Each structure stands twice: as C-alpha cells, then as structure tokens.
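Those sequence lines, one after another, are chains A and B.
Each residue of the first sequence is one higher than the last, beginning at 2 in my numbering.
Each residue of the second sequence is one higher than the last, beginning at 36 in my numbering.
Report on one structure; see the data block that follows.
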Amino acid sequence: MRSLLLDRASFWYPATESPTLRDVSLDVAQGEVVALVGALGAGASTLLLVAADLAPRVTGGRLAGSVARRDRSGIVLPTPWTQVSGMAFTVWDEIAFGPANLAWPAHEIARQVDRALEHLQLAPLASRDPATLSGGELQRVIIAAILAMDPGLVLFDEPAAELDADGAGMLWRLIRLLAREGKAVLLATSALDALPDVADRVVWLEGGAIRAVGTPDLLADVATCDAGLGTSTATVWRAAGLPAPYPLTVAQAVRGWR
Amino acid sequence: MSRLHPYTLLAIAGALPAFAWILPPPSGGTWTAAVALVLTLTPGAKLTPGASPGTTGVGSSPGWRPGLGVFRTAVLTAAPFWLFLLLLHDVPTTIAIGLRITTMVASFVWLVAALAPARLVEAMVASGWSASVAYLLAATLSAVPMLKARAQRIVEAQRCRGLSPRGGVAARMRALRALALPLVLSALHEVDERALALETRGLVPGIRRTPLAPPPDSAVERAARWVLLLACLFALVRRLIAPGFS
C-alpha cells in the first residue's frame, strides 16, 4: 500500500523563477526503503520537505502537481543542533517532546520513548543533558525523537552525516528494521556504499528532476558512475579501466575478478 | 529560587518593577532595586537545554552563571541608562528614574537566569495554555543568552582568523561588523531550520500538549502570588487617590 505518492510535483521556493523540483512522480510503499541520490542541488532535500508537508506549508513557495500522504510523516534534518527543542533537561525529555505534542497519554509516551531509546542504543544517555552530547550522539537523539512519534512515513536527510562508522551501521540496520515493521522510508544520502544493503529502490535526481529509478544496481551503471554517483567499488573498478558492468559491492567485485 | 514555580518567579519579576514605578521615589525605587539586585545573587537556573555540541542554553552561557555573574550583568546593563539620564535630567530625577530602570533590568536579568524555559512551558501547558504560546514565551526568554553564547563563539572564531576586537575605534568597528554579520545571518538561518524541526515534532498552533513533569505549585506559592498582585493594586490605588503619597 502506498504511503506517499507524488504526481508530477514541481516546487518553487519563494522569490525564485525556476523550480527546484520539476515534474517529480514517485511513490513509496509501506515497508519500502527508497533512496534519493544526486549531486548537490539536485533537489533531494526539497523533495523530502515536500513529502513531509513542510514545503510549501512552512517554507513558503509554490507547489504544482499533487502530493498524497497516507500516513503521518516525520523528517530527520541533516543538522541535529537545529532540531533540539531547547525545552528539555534530559535526553529522555527531548525524545518525549514530540510525543507529548501529539497529546498522547503519559504511559504511551513513556513506551514509545523507551522503545526509541532502545532502537538507537541511547539508554545509557537517557538522563544526560542534550547540550552536553557530541554531534553523533545528538543525531541519534534526534532520530529517536522522530521515531518516538511513530510516523508511518519516515524521511531522512543525510542521517549519517554526523555519525561514525559504527553509528552509521546501526542506523542502516535500523532503517531496514523500520521497513520490516511496515514503515515507508524515503532517504536522501551521499553514503552510497550503504545503499545496496539498505535501499529497495534508488532514485537518481538531477537538476530537480528524476533522471533514473531502479534497484541499487543503478549505482554501478556507467552513467551514474560518470556522474560521480557510483559506489566506491564501482568507481574504483571504473578508474582501474576494467570493463563494465561494474560491480556494486566488494563481494561482487571478488566474484567478478575470480 | 529557581525551584520556585515559574509563575512565582514571573510574579516576583513583574511585581518589583511595578512597585518601583508605583511607590514614591526615591525610597520606593531604592528598595525595589536593592531587592532585585540581591535576587541576582541567588542561585540561578539549572543548565538549560541547548542545541548542539558547543551551543549552550541559558545557564551554561558565559556570564550567566548564578551569583556574581548575574549581578555583574545586571549592573553593567543598567549603568548606561544612568549615564543618559544624567545627561538629560537633574540629579533627583536621574536617581528616581535610574532606580526604576535598574529594578526593571535586574528583575529581567534575574528572571532569565533563574527561570528555566522548559519549566515555564510545562507549567503553562499544565494550566491549559497552548504549547505553541508557551514555547513562544519561553523561547523569548532563552533567546538573549543563546545569542550571547553564539556571539562569544563567533568572536573566538574571528580571533582564530586574526581579527582582534581590541584597538582603536576603527579597529573595533571592523571587529563589530565581522561579529554582527555572521551572528545575524546564522541566527536567521537557524530560525528557518528550527521552524521546520519544531513543526515536524508536532509543535503546531493550537495543540494541547501532554504535560510531562509539571512543576509543583504549592498553596503557599499561589497565595504569595495573590499577595503580590493585591499589594501592587493596593499601592496603585493609594498612589492614585492620595497624591500626597507620591
């Protein structure tokens, strides 16, 4: 069942002549992880804001085409320090900020917050002041804060930017877990190497429009590699002058080499 | 003091300036200014939640620690007003208005240091206010120290790049420009992102938030607030009907 459906959606930021998104048609089903890839300025972040119903409602601007959402959405923005509420003394309270705004009963808030703490391995930090956390810890808190609101559609904008390798690995596993729980996930990331294990589909954005949609194998295509959007393995294979098709992962490269 | 109910802190911070303007000068202003300045020496708020590593909230920003730091901030903020008043008025008028302004400044500085915005939000939500209205009020209280902390970081960053805030007037003006521009631009940029983040976390107009840990409001504190209000009204009425009182 579709959680998000964009039909020929175009979006203009206020006081701009040309659209940041152009005729984007995309659907994300429950239980599916769709990854947005593209160069800087490709429109991935804007697409997430439109999907989250923040653009144009909060940002201003103009939207053409249609956007249909079946579930409540939650978006994780790329800068965690601008996303803290500033109204919580502890990590637990920070994560509870969103659920409390939904006016849930206290016991349900506690259940969701504890679950999110467990998912993000934040239980040891539950009583810490958010102002004392590192960037990576704060990023995990913000992700937990969004998940505690139990959104059906989860939107991630560069969620691993502040995380170390372990933290990023935990995040990718969590995203697969969310999909298994039936949530729809739309993810904009430049961590391309993670996508073969995380994404069900990859959408290549260029200049605000969809250039190609496919399985993660798309990240080993000649065209995507030419655009600098191939996985590390595919890029190295290509740089070595080895012939296409390029391998997507190290395991594929080993198999191809043998 | 910071353990008092937020409404009690607001009542004290509101009553002192009211008394300062209602009671006859200079004695009225003298004691209200004295009380307000003594309050700035009392322990302040717990560390207020901040934003990022390196960004700090109310209690953790430089110069806003409880005790002498808050007192010094109050005195330094009030001092320029005395100078301007002295240039514009005679000495008795300067003392009369100066003490009132000192009371206002010291009360506000003390309130910002003693009142944790999160507790205010919880208290307002518990008493039926919309969470967005409560957040707006609390964010206003936390804006000053947060901007101060951000300015401090920008100064440090500019120093690392060789810009000195010391020297003659021209050098200081250059330093001020290099401080003000990034301060304003970064604050404006962050406002946009914060609006998006708060929206996605459910802080929308008209919501009725579940109070998580509403501050206890004892009968004694409620009575004290009423006493303060009635005392203000009594002083005002007496001032109006008995001109000799002034």
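By construction, the Cβ of each residue, glycine as well, lies at the ideal position given by its N, Cα and C atoms.
As the structure is a computational prediction, the values presented were derived from the model and not from experiment.
Counting contacts by CB-CB distance shorter than 8 Å, is A/Thr21 in contact with chain B?
-> Position 20 of the first sequence, counted from the start, is the residue given in the question as residue 21 of chain A. No, A/Thr21 does not count as interfacial toward chain B.
Supposed contact pair A/Leu220 and A/Gly231 - C-beta distance, whole angstroms, cut 8 Å | As a first step, residue 231 of chain A is located in the first sequence; it is residue number 230 there, counting from the start. As a first step, residue 220 of chain A is located in the first sequence; it is residue number 219 there, counting from the start. 6 Å between Cβ atoms; contact.
Looking only at DSSP bridge pairs, what is B/Val239 linked to?
-> For the purposes of this step, residue 239 of chain B is taken as residue 204 along the second sequence, with counting starting at 1. DSSP, once it has assigned bridges, lists no residue as partnering B/Val239.
Ends of the alpha helix (DSSP H) at A/Gly170?
-> Along the first sequence, read from residue 1 onward, the residue named residue 170 of chain A stands at position 169. A/Gly170 -> alpha helix (DSSP H) spans Ala166 to Arg181.
Is A/Thr47 near A/Thr21, with beta carbons less than 8 Å apart?
-> In the first sequence, residue 47 of chain A corresponds to position 46, counting from 1. In the first sequence, residue 21 of chain A corresponds to position 20, counting from 1. Contact: yes.
Hey, is B/Ala258's beta-carbon within less than 8 Å of any beta-carbon in chain A?
-> In the second sequence, residue 258 of chain B corresponds to position 223, counting from 1. No, no contact with chain A.
Any idea which residues DSSP pairs A/Ser11 with across the strands?
-> Within the first sequence, the letter at position 10 stands for residue 11 of chain A. Partner(s): A/Ala65.
With 8 Å set as the bound, which would you pick, yes or no: does the beta-carbon of A/Gly87 sit closer than that to a beta-carbon of chain B?
-> Reading the first sequence from its first residue, position 86 is the one you call residue 87 of chain A. With 8 Å as the cut-off, A/Gly87 counts as an interface residue toward chain B.
Just the Cα atoms here: how many angstroms apart are B/Thr175 and A/Ala40?
-> Indexing the second sequence from 1 puts residue 175 of chain B at position 140. Indexing the first sequence from 1 puts residue 40 of chain A at position 39. Their backbone Cα atoms lie some 38 Å apart in a straight line.
Between the C-alpha atoms of B/Ser87 and A/Asp54, what's the straight-line distance to the nearest angstrom?
-> Translated into positions along the second sequence, residue 87 of chain B becomes position 52. Translated into positions along the first sequence, residue 54 of chain A becomes position 53. Below a pLDDT of 50, predicted positions are generally treated as unreliable, and B/Ser87, at 36, falls in that range; no measurement from the model is reported.
When DSSP labels each residue in this structure, what does A/Ser26 get in the three-state scheme?
-> Here the question's residue 26 of chain A lines up with position 25 in the first sequence. It is a strand residue.
A/Ala185 to A/Ala192 span [Cα, whole Å] | Locating residue 185 of chain A in the first sequence gives position 184, where the first residue counts as 1. Locating residue 192 of chain A in the first sequence gives position 191, where the first residue counts as 1. Looking at the two C-alpha atoms, the distance is approximately 19 Å.
Helix, strand or coil at A/Ala85 according to DSSP, with G and I counted as helix = Sequence index remark: in the first sequence, residue 85 of chain A carries index 84 (1-based). Ala is not the amino acid found at residue 85 of chain A; the sequence shown has Val there. Reduced to three states, the DSSP call for A/Val85 is coil.
Got a sec: is the Cβ-Cβ distance from B/Tyr170 to anything in chain A below 8 Å?
-> Here residue 170 of chain B refers to the residue found at position 135 of the second sequence. So, interface residue.
Hey, could you find the ends of the alpha helix (DSSP H) B/Leu76 is sitting in?
-> The residue labelled residue 76 of chain B in the question sits at position 41 within the second sequence. Element bounds for B/Leu76: n/a, residue is neither H nor E.
From this set, A/Asn102, A/Asp28, A/Ala195 and A/Ile110, which residue's C-alpha is nearest A/Met2's C-alpha?
-> Taking the first sequence and counting its residues from 1, one reaches residue 2 of chain A at position 1. Answer by Cα proximity: A/Asp28.
List the residues of chain B whose Cβ lies closer than 8 Å to the Cβ of A/Asp96, in chain order.
-> The sequence position of residue 96 of chain A within the first sequence is 95, counting from 1. Before going on, a small fix: residue 96 of chain A reads as Ile here, not Asp. Result: empty, since nearest Cβ-Cβ is about 10 Å, beyond 8 Å.
In three-state terms, what does DSSP make of B/Ser96?
-> Within the second sequence, residue 96 of chain B is the residue found at index 61, counting from 1. Here the model assigns B/Ser96 a pLDDT of 38, short of 50, so the residue's position is not dependable and the matter cannot be decided.
Does the pairing of the stretch 59–78 of chain A with the stretch 206–223 of chain A give three or more beta-carbon distances under 8 Å?
-> no
Limits of the alpha helix (DSSP H) - the one that A/Asp115 falls within | Counting from 1 along the first sequence, the entry for residue 115 of chain A is found at position 114. Run containing A/Asp115: Ala107 to His120, per the alpha helix (DSSP H) assignment.
Whole-number beta carbon distance between A/Leu156 and A/Val77, since they are thought to touch under 8 Å | Start at 1 with the first residue of the first sequence, and residue 77 of chain A comes out as number 76. Start at 1 with the first residue of the first sequence, and residue 156 of chain A comes out as number 155. About 7 Å; that satisfies the 8 Å criterion.
In its own chain, which residues sit with a C-beta less than 7 Å from the C-beta of B/Ile136, not counting the 5 before and 5 after it?
-> Here the question's residue 136 of chain B lines up with position 101 in the second sequence. The residues are Ala113 and Phe116.
Same chain only: Cβ atoms within 6 Å of B/Ser162, ignoring 5 sequence neighbours per side | If you number the second sequence from 1, residue 162 of chain B lands on position 127. Cβ within range, chain order: n/a, list empty.
Compare the C-alpha of A/Ser233 against each of A/Gln253, A/Ala107 and A/Arg112 and name the closest.
-> The residue you call residue 233 of chain A lines up with position 232 of the first sequence. Checking every option, the nearest Cα to that of A/Ser233 belongs to A/Gln253.
List the endpoints of the continuous beta strand (DSSP E) containing A/Glu207.
-> Locating residue 207 of chain A in the first sequence gives position 206, counting from the first residue. Going by DSSP, A/Glu207 is part of the beta strand (DSSP E) stretching over Arg202 to Glu207.
Using DSSP with H/G/I as helix, E/B as strand and the rest coil, what is A/Phe98?
-> Locating residue 98 of chain A in the first sequence gives position 97, where the first residue counts as 1. In this structure, A/Phe98 counts as helix in the three-state DSSP scheme.
Confirm, please, whether the CB-CB distance from A/Val25 to A/Ala210 is below 8 Å.
-> For the purposes of this step, residue 210 of chain A is identified with residue 209 of the first sequence, where counting begins at 1. For the purposes of this step, residue 25 of chain A is identified with residue 24 of the first sequence, where counting begins at 1. Yes.
Sub-8 Å separation of B/Ala55 and B/Gly64 beta-carbons | Sequence index remark: in the second sequence, residue 55 of chain B carries index 20 (1-based). Sequence index remark: in the second sequence, residue 64 of chain B carries index 29 (1-based). It is a contact, given that the beta carbons lie within the stated cut-off.
Going by DSSP, which residues form a beta bridge with A/Asp158?
-> Along the first sequence, read from residue 1 onward, the residue named residue 158 of chain A stands at position 157. Bridge partners of A/Asp158: A/Ala189.
Contained alpha helix (DSSP H) runs [length at least 4] in the stretch 25–55 of chain A, N- to C-terminal order = Secondary structure remark: continuous alpha helix (DSSP H) runs of at least 4 residues inside the stretch 25–55 of chain A, in chain order: 45–52.
If you measure from the beta carbon of A/Gly99 to each beta carbon in chain B, is any gap under 8 Å?
-> Position 98 of the first sequence, counted from the start, is the residue given in the question as residue 99 of chain A. Closer than 8 Å: yes.
Since B/Val156 meets chain A, which of its residues come closer than 7 Å, beta carbon to beta carbon?
-> Counting from 1 along the second sequence, the entry for residue 156 of chain B is found at position 121. Under the 7 Å cutoff, chain A gives Met88.
Backbone CA spacing between B/Leu44 and B/Phe143 [nearest angstrom] = Position 9 of the second sequence, counted from the start, is the residue given in the question as residue 44 of chain B. Position 108 of the second sequence, counted from the start, is the residue given in the question as residue 143 of chain B. Computed Cα separation, rounded: 10 Å.
Please name the residue, chosen from A/Ala180, A/Pro217 and A/Arg259, that lies closest to A/Glu33 on a Cα-to-Cα basis.
-> Residue numbering aside, residue 33 of chain A sits at position 32 when the first sequence is read from its first letter. For the residues A/Ala180, A/Pro217 and A/Arg259, the minimum Cα distance to A/Glu33 belongs to A/Ala180.
Residues of its chain near B/Ala53, where Cβ-Cβ distance is below 6 Å and the 5 sequence neighbours each way are ignored | Start at 1 with the first residue of the second sequence, and residue 53 of chain B comes out as number 18. The answer, listed in chain order, is Cys267.
Give the single residue among A/Ala149, A/Gly168, A/Pro15 and A/Arg58 whose Cα lies nearest to the Cα of B/Ala230.
-> On the second sequence, residue 230 of chain B is found 195 positions in, with the first residue counted as 1. Minimum Cα distance to B/Ala230 is reached at A/Arg58.
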